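Residues in the sequence shown are numbered from 1 upward in steps of one, following this note's numbering.
Glycine residues also receive a C-beta, built at the ideal position from the N, C-alpha and C atoms.
This structure is a prediction, so every number in the text was calculated from the model and none was measured.
Working notes, beginning with the structure itself.
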Amino acid sequence: MLGRIFTVGGYTLLSRLTGFARDIMLAAVLGAGPAADAFFVALRLPNHFRAIFAEGAFNAAFVPAYAHVSGEEGEKAASLFANRIFTLLFVSQAILLVAAWLFMPQAMSLLAPGFTDDAEQRKLAIELTRITFPYLLLITLVTLYGGILNVMQRFASAAAASILLNISMMATLAVAVWFPTPGHAAAWGVLISGFLQYFLLAGDLGTHGGLPRFAPIRFDEDVRAFFRALGPATIGSMGTQVALFADTIIATFLPAGALSALYYADRLNQLPIGVIGIAVGTVLLPEMSRRLTAEDHEGAHLAQRRAFDFTLLLSVPFVTAFLVVPDQIMRAMFARGAFTKGDAAAAAATLAAYAIGLIPFVLIRSAVATFYARRDTATPVKAALIGVAVNVALKVVLVGPLAQVGLAFATAIGAWINLSLVIAFAVRAGHLQLDSILLRSVGRFVAAGVVLGAALWLTARFSAAYVSTLSALHDIAALLLLILAGGIVYAGAILLLFGRRWVMSLVKG
Numbered sequence: 001m002l003g004r005i006f007t008v009g010g011y012t013l014l015s016r017l018t019g020f021a022r023d024i025m026l027a028a029v030l031g032a033g034p035a036a037d038a039f040f041v042a043l044r045l046p047n048h049f050r051a052i053f054a055e056g057a058f059n060a061a062f063v064p065a066y067a068h069v070s071g072e073e074g075e076k077a078a079s080l081f082a083n084r085i086f087t088l089l090f091v092s093q094a095i096l097l098v099a100a101w102l103f104m105p106q107a108m109s110l111l112a113p114g115f116t117d118d119a120e121q122r123k124l125a126i127e128l129t130r131i132t133f134p135y136l137l138l139i140t141l142v143t144l145y146g147g148i149l150n151v152m153q154r155f156a157s158a159a160a161a162s163i164l165l166n167i168s169m170m171a172t173l174a175v176a177v178w179f180p181t182p183g184h185a186a187a188w189g190v191l192i193s194g195f196l197q198y199f200l201l202a203g204d205l206g207t208h209g210g211l212p213r214f215a216p217i218r219f220d221e222d223v224r225a226f227f228r229a230l231g232p233a234t235i236g237s238m239g240t241q242v243a244l245f246a247d248t249i250i251a252t253f254l255p256a257g258a259l260s261a262l263y264y265a266d267r268l269n270q271l272p273i274g275v276i277g278i279a280v281g282t283v284l285l286p287e288m289s290r291r292l293t294a295e296d297h298e299g300a301h302l303a304q305r306r307a308f309d310f311t312l313l314l315s316v317p318f319v320t321a322f323l324v325v326p327d328q329i330m331r332a333m334f335a336r337g338a339f340t341k342g343d344a345a346a347a348a349a350t351l352a353a354y355a356i357g358l359i360p361f362v363l364i365r366s367a368v369a370t371f372y373a374r375r376d377t378a379t380p381v382k383a384a385l386i387g388v389a390v391n392v393a394l395k396v397v398l399v400g401p402l403a404q405v406g407l408a409f410a411t412a413i414g415a416w417i418n419l420s421l422v423i424a425f426a427v428r429a430g431h432l433q434l435d436s437i438l439l440r441s442v443g444r445f446v447a448a449g450v451v452l453g454a455a456l457w458l459t460a461r462f463s464a465a466y467v468s469t470l471s472a473l474h475d476i477a478a479l480l481l482l483i484l485a486g487g488i489v490y491a492g493a494i495l496l497l498f499g500r501r502w503v504m505s506l507v508k509g
């Protein structure tokens, strides 16, 4: 399982690195003003729907269902099942796309009401969103193909697909002078990437004989079971996206730059979520589904425990760095061109608030896998909706005194509530045991994080005078020094607290 995690995580890391290169270009070209905010709305809207209907709900319902049909009824039945789901998915997304094109002005009034006071910004946001919205249809099909490939134990192309988004956007930004505005260039880059990702996944799946085709829609037992799982999963994903929609809606009423601060902070926050949390969850779900179908409950439990340990091992450094040295990170990554040091400071404060909830963000995919693998998508919904309710309520309370930082902090608190409830439900159902081994592990990771935080704070404080002599490169030099010092200290702390045998067992496992 670890090898597959490294495959997904490695490609996801490459995606995140090319994503940072893309964001550096975006920051330099668009800055953090009204035009940038209009583009980020255009980017967020299809991504919200994608998270609801594609990656979130769809994967949770489809992967266990496809694995079950394949394991119990054979490949022919699994192929027919995939064909019917493909047909339903294509038709529903095509209808949504047409509705979005026709009613985009009305949708913009609901989803970005703060733009109504600026006619030019509103017009630009509508134009850009009409360009980006077809990306949803393409990426939804990509998600379907990726789910089938994951059950086939093929993870590489699905994990690598998002790299094409970054390359495509950088290519169009590089020739932005050919477009009406840089925002139009970025929007067309998003759409082009959707086609590139589609053809990559379709090619891989077609090579292995699993490419779905249009088929008569029949609601047999397998399809009905899929929809019984999809309904609660959609509600759960929709709840999470309601909180993100709330961010977008509320931030449009804040001063220019608030949406951009949220975007760039979230981009850094998404690095460990994607490279670690989503990568581990992507591999764990089909692994647990396969083991549970074979009645190997102990193996499924062991796989989830190993996923928890591996996730925490890699996540603690990010949490610590985002809390202790967010300013140095933001300045080194984005403070150039139209993106000022003041913009970086606003984004850094937002990043620190997001980091408070980073542990539940990265663990939640592994935590809910024990329910999804059992084809129970209803139980995690209860936890998700309670977390979202608290999240949205806190946003309303905190946005006044803390602006976009309050929005991020509310998101973090909601994430902790969601994870805590999921774990409580899993323990009550007998799917998870909070034994002394797990609790000791958590305590050791906390201790390692404290040691790392002290090292980062001391390094940042005492190296400032030396790196400041490096002129324009001092922010990058400071970040590299923090990475070097932090890496050495954290590795030493883990070896001291856990021992070499534990590390080797985790890697070999």
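Next item on the list: Rank L89, A42, T140, I192 by C-alpha distance to the C-alpha of K123 and give the top, closest one.
Entry: A42
Check: Taking all protein chains shown into account, do 16 or more other C-beta atoms lie within 10 angstroms of the C-beta of K395, making it buried, or fewer, making it exposed?
Finding: buried
Item checked: Where G487 falls, given that 16 or more other Cβ within 10 Å makes a residue buried -> exposed
Check: What is the DSSP secondary structure of F339, reduced to helix, strand or coil?
Finding: coil
Margin query: Helix, strand or coil for R305? Go by DSSP, reduced to three states.
Written below: helix
Check: Do three or more CB pairs link the segment 342-354 to the segment 477-484 at distances below 8 Å?
Finding: Not touching, per the Cβ criterion.
Margin query: By the DSSP assignment, the alpha helix (DSSP H) with A485 in it spans what residues?
Written below: 474-498
Next item on the list: Grab me the residues of D327's own chain with a C-beta within less than 8 Å of its C-beta, minus the 5 sequence neighbours each way, in chain order.
Entry: A344, A345, A348
Check: alpha helix (DSSP H) containing H208: first to last residue?
Finding: That residue, H208, is in no alpha helix (DSSP H); it is neither H nor E in DSSP.
Next item on the list: Quick one: give me the first and last residue of the alpha helix (DSSP H) that M170 is part of.
Entry: 156-174
Checklist line | Cutoff 6 Å; reference I494; Cβ partners in own chain excluding five residues on either side | finding: A448
Item checked: As assigned by DSSP and simplified to three states, the class of A251 -> helix
Margin query: Taking only three categories from DSSP, how would you classify F103?
Written below: coil
Notebook entry, point to check: Excluding sequence positions up to five away, which residues of its chain have a Cβ less than 7 Å from the Cβ of A225?
Noted result: A65
Next item on the list: Report buried or exposed for G357, applying the criterion of at least 16 other Cβ atoms within 10 angstroms of its Cβ.
Entry: buried
Next item on the list: Find the nearest neighbour of V223 within the set L17, P46, A94, A77, judged by alpha-carbon distance.
Entry: A77
Next item on the list: Taking 9 Å as the cut-off, decide whether the C-beta atoms of P511 and E120 are in contact.
Entry: In this structure the chain extends from 1 to 509, so residue 511 is not present and cannot be described.
Checklist line | Reference L97; option with closest CA among I139, V69, L211 | finding: I139
Note to self: Rounding to the nearest angstrom, what Cα-Cα distance links G210 and L292 in this structure?
What the structure shows: 24 Å
Check: Nearest CA to the CA of S420: which residue from G406, P360, A28, D266?
Finding: P360
Notebook entry, point to check: Nearest CA to the CA of L14: which residue from F58, I163, Y466?
Noted result: I163
Item checked: When P105, G19, M152 are compared against A67, the one with the closest alpha-carbon -> M152
Checklist line | Helix, strand or coil at D220 according to DSSP, with G and I counted as helix | finding: coil
Next item on the list: Please classify E72: does DSSP put it in a helix, a strand, or coil?
Entry: helix
Note to self: I need the DSSP call for H297, collapsed to helix, strand or coil.
What the structure shows: helix
Note to self: Tell me the rounded alpha-carbon separation between L29 and V451.
What the structure shows: In the sequence as presented, Leu is not what sits at residue 29; that position holds Val. Rounded to the nearest angstrom, the gap between the Cα atoms of V29 and V451 is 39 Å.
Note to self: Determine whether the beta carbon atoms of V63 and F81 lie at a separation below 9 Å.
What the structure shows: With a cutoff of 9 Å on beta-carbon distance, V63 and F81 are scored as not near each other.
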